[in-house]
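Following the working numbering, the residues of the sequence shown are numbered contiguously, the last one being 252.
Beta carbons are placed, not taken as given, at the ideal position from N, Cα and C, and that holds for glycine.
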Amino acid sequence: MRRIGRAAKRIGRAGIGVVLAVGLYLGLMQLSGNVHEVIPGELYRSGQLSGARIEQLSRTYGIRTVLNLRGRNPQMRWYRDETEAAARLGITHIDFPMSSREVLDIDRIHEVIALMRTSPKPILIHCMGGADRSGLASALYLGFVAERTEGEAGRQLSLYFGHFAVPVLSKAYAMDITWDNLLIDKMAMATPAQSSVLSVSR
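Below is the structure:
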């Protein structure tokens, strides 16, 4: 019994260590702006950045479009800072409001895909934290613009970027539902041969 007790304590300590490590990682990621390269020279994702940080990324990666998923907010300092930086740097700035708590309908999905397909590259996609809305938009780009596999695209919605995909417990699970609904719709429209390929590619 003592051995079992000691083993349980070790497991408990290990579990606490993992939780603390994950928490530290996510905290540092948010402090850094949650900036990630999705496709080199083509697509980048982040949380809300200052105008100075946008300028830094523009110099480093040659950003030509900023896709703001928080929507137009001219009364907010962050928005003015962002749009002023974009104007100063000659970057195209696009507002596409999304909520991480609401499932996107198919028309809105097609709209954001079309925006990303036609916008000057490289694109920087951002929301507030860079985990949920940015994750969905990045997945849509990979899957339907860059035509990568569904598995690769779907990994943009993962804990690595700070996204928690837990039904009921996760307020941003609507992003996962949107992605899954789109895959179901895609499978329904495919021919039998295409459907088998899509299933394997996941």
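For His160, the uninterrupted alpha helix (DSSP H) segment begins and ends at Ile156 to Thr168.
Ranked by Cα distance from Thr110, the options Gln98, Leu165, Trp128 and Val85 are led by Val85.
Looking at the backbone, the Cα of Leu233 and that of Ala187 are separated by about 14 Å. Distance between Arg205 and Ala189, taken at the CA atoms: about 7 Å.
Taking C-beta atoms under 8 Å as the contact rule, Leu174 and Phe146 fail to qualify, at a distance of about 13 Å. Between Pro170 and Gly112, the C-beta gap is not smaller than 7 Å, which leaves the two residues out of contact.
Annotated as proximal: Ser220 and Phe214, with beta-carbon spacing under 7 Å. Residue environment analysis places Gly180 among the buried positions, since at least 16 neighbouring C-beta atoms fall within 10 angstroms of its C-beta. Within the same chain, Gly97, Gln98 and Arg120 come within 7 Å of Met178 by CB-CB distance, once the 5 residues on both sides are set aside. Annotated three-state conformation of Arg95 is strand, per DSSP. Each of Gly140, Arg183 and Ile144 was checked against the Cα of Val153, and the nearest Cα belongs to Arg183. Per DSSP, Leu186 is one residue of the alpha helix (DSSP H) stretching across Arg183 to Phe194. Secondary structure of Glu202 (DSSP, three-state): helix.
Leu139 and Arg103 have their C-alpha atoms roughly 12 Å apart.
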